[in-house]
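2 protein chains.
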Amino acid sequence: MSERIWYLKRCGLFERLTPVQLARLESRARFRNFERNEAIYLPGDQADGVLLLSTGRVRICDFTSGGKQAILAFIDPGELFGELALVDASPREERAEAVVASTVVLVPGDAFRELLDAVPGLSLGITRLFGLRRRRIERRLRSLLFRSNRERLVSLLLDLADQYGKPNSAGVVIDIRLSHQDLAGIIGSTRESVTIMLGELQREGLIRIARRTIVLTNLQRLCDGVDVDPERTRGLLDGAFKPGASAPNHGQNSAPTGRKM
Amino acid sequence: MSERIWYLKRCGLFERLTPVQLARLESRARFRNFERNEAIYLPGDQADGVLLLSTGRVRICDFTSGGKQAILAFIDPGELFGELALVDASPREERAEAVVASTVVLVPGDAFRELLDAVPGLSLGITRLFGLRRRRIERRLRSLLFRSNRERLVSLLLDLADQYGKPNSAGVVIDIRLSHQDLAGIIGSTRESVTIMLGELQREGLIRIARRTIVLTNLQRLCDGVDVDPERTRGLLDGAFKPGASAPNHGQNSAPTGRKM
DNA sequence: TGGGGTCTGTGTGCCGCATCACAGTCCCGG
DNA sequence: CCGGGACTGTGATGCGGCACACAGACCCCA
Chain A
0 MSERIWYLKR CGLFERLTPV QLARLESRAR FRNFERNEAI YLPGDQADGV LLLSTGRVRI
60 CDFTSGGKQA ILAFIDPGEL FGELALVDAS PREERAEAVV ASTVVLVPGD AFRELLDAVP
120 GLSLGITRLF GLRRRRIERR LRSLLFRSNR ERLVSLLLDL ADQYGKPNSA GVVIDIRLSH
180 QDLAGIIGST RESVTIMLGE LQREGLIRIA RRTIVLTNLQ RLCDGVDVDP ERTRGLLDGA
240 FKPGASAPNH GQNSAPTGRK M
Chain B
0 MSERIWYLKR CGLFERLTPV QLARLESRAR FRNFERNEAI YLPGDQADGV LLLSTGRVRI
60 CDFTSGGKQA ILAFIDPGEL FGELALVDAS PREERAEAVV ASTVVLVPGD AFRELLDAVP
120 GLSLGITRLF GLRRRRIERR LRSLLFRSNR ERLVSLLLDL ADQYGKPNSA GVVIDIRLSH
180 QDLAGIIGST RESVTIMLGE LQREGLIRIA RRTIVLTNLQ RLCDGVDVDP ERTRGLLDGA
240 FKPGASAPNH GQNSAPTGRK M
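Protein chains in written order, with numbering that gives the first Met the number 0: chain A, 0 to 260; chain B, 0 to 260.
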């Protein structure tokens, strides 16, 4: 029980709730476990609420009639998903599935709306969440529109480094295991092409692949390949900013990631 | 003066403001005219507020280093744009420019935030706006990921029919003039390819092009080409649904539009 | 009512990348 | 510790769609 409340508090949006509100929320939410590859919701399902991942990892995706999967996002513990249901009651357009065994909290729509009224700032938090995710998607759209396959892959690697990267002596380690198939699903390419391109990048000394994890060994040159917003690499390209020359350093919102709510 | 207030009221989000609030807003907003093709803001500009289009038309776009323009959205009178500035103070990532001579209202960030606190429901309205636009972008992303050039074009035509279409005896007239270059910028293709494909579609009897406006003469067959969410075509495909036979039909949410918040 | 600028139509190469087919490797669970 | 299933590497082949080039049509406005 109290463990469940702990899961709720874990979500940045809920940390300001009073104990009473938390308890009430907990009583109205449903907890459910999903095993690896199990579907959480499907396109066409009536959307009845908002979901919060407490443990595991979730993939938001979409299958074409040809059977290829497009990956729209990954969700990590503490993050909300399926939140577009707050906008209106139209059915889900995508599929959410557990990448690994996961436990998910379902918050019914009316319980959530009740909270929106009661908790000052929550509404603003949701708006920001929407805004941040939208910005991310718009970036991806732009990157998809007129870039070559290879540029999209490099761009993706930089994004992943941003979200999951652990700097280290050899470079930035991307601390999440994705198959080439997954990578292809994100950039809209094929498994084979991804394999080839990763090989090329490694041969060129830009990355290193060891035991199925990718290390970015030369961020600078990777960025050069894509005409990339240097802000994307945040702290990673440590002190290397030239004050006058390069980017306007908008990353002043200095939180290490920018997501996390 | 009172004409200016009228412009403000035109925006659905503001219609609930009291006269006092409206007047205050009007005093803090700046009105400005832009001529055809003039830039309203540029990538890198410090975002200082939200913009409202009162007359004209605005294009949100982005230029690749190769000089190709990606079109992210069109804005019609009464619509808000540049609203991602509400999320944080990071600079703009895209370019907004007037398609035709336009007049724009600039609402400073603090004035807007003040309203957000004062006007119940406004915050919710913004959240919904974000959500709706995000949903639209996610659809576009999906359509970009694994569809052929032609499918993307057809899908775009259906979307346009959805937004700007006027049904008529011959079919659905798309009541907005876009050059082939523009269409290409939206679907991530080239001007020449669009020309060719439109020719094909016309030869196949799916559309008709007369004096640079496009008429969709056979919605049903157009939809067949794309594995399209039938909901997208709203009332346009009037009663023609065959209950048992056709597509997976998850569009059981029979609300005629789904947009218009 | 022209005339210049923008938009549309069409052809020809060529290259990126999807597809198919199959071999080799990893890795996890029993 | 071993076997089977998932993942990775690589080649052959074909096609979609882009780049470039130019001709004709349209349209606005001077």
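We put the CB at the ideal spot given by N, CA and C, even for glycine.
Span separating the alpha-carbon of residue i from that of residue j
i	j	result
residue 302 (chain B)	residue 69 (chain B)	Residue 302 (chain B) lies beyond the stretch modelled for chain B, which goes from 0 to 260, so this question has no answer here.
residue 210 (chain B)	residue 66 (chain A)	40 Å
residue 174 (chain B)	residue 153 (chain B)	16 Å
residue 238 (chain B)	residue 220 (chain B)	Low confidence applies to residue 238 (chain B): its pLDDT is 35, below 50, so where it sits in the model is not reliable, and the reading given next is rough at best. Roughly 15 Å between the two C-alpha positions.
residue 7 (chain B)	residue 134 (chain A)	26 Å
residue 240 (chain B)	residue 64 (chain A)	Below a pLDDT of 50, predicted positions are generally treated as unreliable, and residue 240 (chain B), at 33, falls in that range; the measurement from the model is reported next regardless. The alpha-carbon atoms of residue 240 (chain B) and residue 64 (chain A) are separated by roughly 21 Å.
residue 72 (chain B)	residue 126 (chain B)	18 Å
residue 89 (chain B)	residue 92 (chain A)	30 Å
residue 44 (chain B)	residue 96 (chain B)	13 Å
residue 58 (chain B)	residue 74 (chain B)	6 Å
residue 131 (chain B)	residue 169 (chain A)	43 Å
residue 244 (chain B)	residue 38 (chain A)	In this prediction, residue 244 (chain B) scores a pLDDT of 34, lower than 50, which makes its location untrustworthy; the coordinate-derived value is nonetheless stated afterwards. Whole-angstrom Cα-Cα distance: 26 Å.
residue 85 (chain B)	residue 124 (chain A)	11 Å
residue 36 (chain B)	residue 98 (chain B)	5 Å
residue 42 (chain A)	residue 23 (chain B)	45 Å
residue 40 (chain B)	residue 31 (chain A)	47 Å
residue 157 (chain B)	residue 216 (chain B)	11 Å
residue 206 (chain A)	residue 139 (chain A)	22 Å
residue 82 (chain B)	residue 136 (chain B)	15 Å
residue 208 (chain B)	residue 201 (chain A)	50 Å
residue 112 (chain A)	residue 13 (chain A)	13 Å
residue 197 (chain A)	residue 167 (chain A)	20 Å
residue 48 (chain A)	residue 79 (chain B)	27 Å
residue 129 (chain A)	residue 199 (chain B)	40 Å
residue 11 (chain B)	residue 60 (chain B)	24 Å
residue 51 (chain A)	residue 212 (chain A)	28 Å
residue 56 (chain A)	residue 177 (chain A)	12 Å
residue 148 (chain A)	residue 87 (chain A)	36 Å
Sequence-distant residues of its chain with Cβ nearer than 8 Å to residue i (five each side left out)
i	result
residue 150 (chain A)	142, 224, 225
residue 27 (chain B)	106, 107, 110
residue 146 (chain A)	154, 225
residue 236 (chain B)	Because residue 236 (chain B) sits at a pLDDT of 45, beneath the cut-off of 50, its placement in the model cannot be relied upon, and the following sentence gives the value as read from the coordinates. The answer, listed in chain order, is 218, 219, 222, 229.
residue 20 (chain A)	114, 117, 118
residue 62 (chain A)	68, 69, 94
residue 187 (chain A)	69, 143, 151
Contacts around residue i, its chain only, beta-carbon distance under 7 Å, and the 5 residues preceding and following it disregarded
i	result
residue 185 (chain B)	70, 155
residue 15 (chain A)	118, 120
residue 25 (chain B)	3, 4, 7
residue 181 (chain A)	70
residue 163 (chain A)	173, 174, 175
residue 258 (chain B)	Low per-residue confidence applies at residue 258 (chain B): pLDDT is 34, beneath 50, and the placement is therefore not dependable enough to give any value.
For residue i, the residue or residues it bridges with in DSSP
i	result
residue 104 (chain A)	A:30, A:51
residue 38 (chain B)	B:96
residue 189 (chain A)	Paired residue(s): none; residue 189 (chain A) is not in a bridge.
residue 165 (chain B)	B:172
residue 215 (chain A)	A:171, A:206
residue 57 (chain A)	A:74, A:97
Any non-hydrogen atom of the ligand FMN closer than 8 Å to residue i Cβ
i	result
residue 59 (chain B)	The model on display carries no ligand, and the ligand FMN is accordingly not part of it.
Cβ shell of residue i (< 6 Å), same chain only, five flanking positions each side left out
i	result
residue 34 (chain B)	100
residue 29 (chain B)	105
residue 172 (chain A)	165, 214
residue 281 (chain A)	Residue numbering for chain A in the displayed model covers 0 to 260; residue 281 (chain A) lies beyond these limits and cannot be assessed.
residue 9 (chain B)	77
residue 18 (chain B)	none
residue 122 (chain A)	115
residue 183 (chain A)	189, 190, 193
residue 102 (chain B)	32, 53, 54
residue 159 (chain B)	173
- prompt: Looking at chain A, which residues of the segment 158 to 183 of chain B have a Cβ within less than 9 Å of any of its Cβ atoms?
  reply: Per Cβ criterion, the list is empty.
- prompt: Taking only runs of the alpha helix (DSSP H) that begin and end inside the segment 63 to 134 of chain B, which ones reach a length of at least 4 residues, in chain order?
  reply: Within the segment 63 to 134 of chain B, the complete alpha helix (DSSP H) runs of at least 4 residues are 108 to 117.
Interface residues of the segment 83 to 94 of chain A facing chain B [CB-CB below 8 Å]: Correct list: 83, 85, 86, 87, 88, 89, 90, 92, 93.
- prompt: Residues in the segment 118 to 135 of chain A with C-beta within 8 Å of chain B's C-beta atoms, listed in sequence order?
  reply: The segment 118 to 135 of chain A vs chain B, Cβ under 8 Å: 122, 123, 125, 126, 127, 129, 130, 131, 132, 133, 134.
query: the segment 44 to 63 of chain A: which residues have C-beta closer than 7 Å to a C-beta of chain B, in chain order?
result: Listed by position, the residues of the segment 44 to 63 of chain A near chain B (Cβ gap below 7 Å) are 61, 63.
field: the segment 69 to 83 of chain A: positions lying closer than 7 Å to chain B by Cβ
entry: Those residues of the segment 69 to 83 of chain A that come within reach of chain B (Cβ to Cβ, closer than 7 Å) are 69, 71, 83.
Positions along the segment 183 to 209 of chain A whose CB lies within less than 7 Å of some CB in chain B: The residues in question are 187.
message: Please identify, using Cβ separations under 8 Å, the residues of the segment 143 to 158 of chain B that lie next to chain A, in order along the chain.
response: Per Cβ criterion, the list reads 143, 144, 145, 146.
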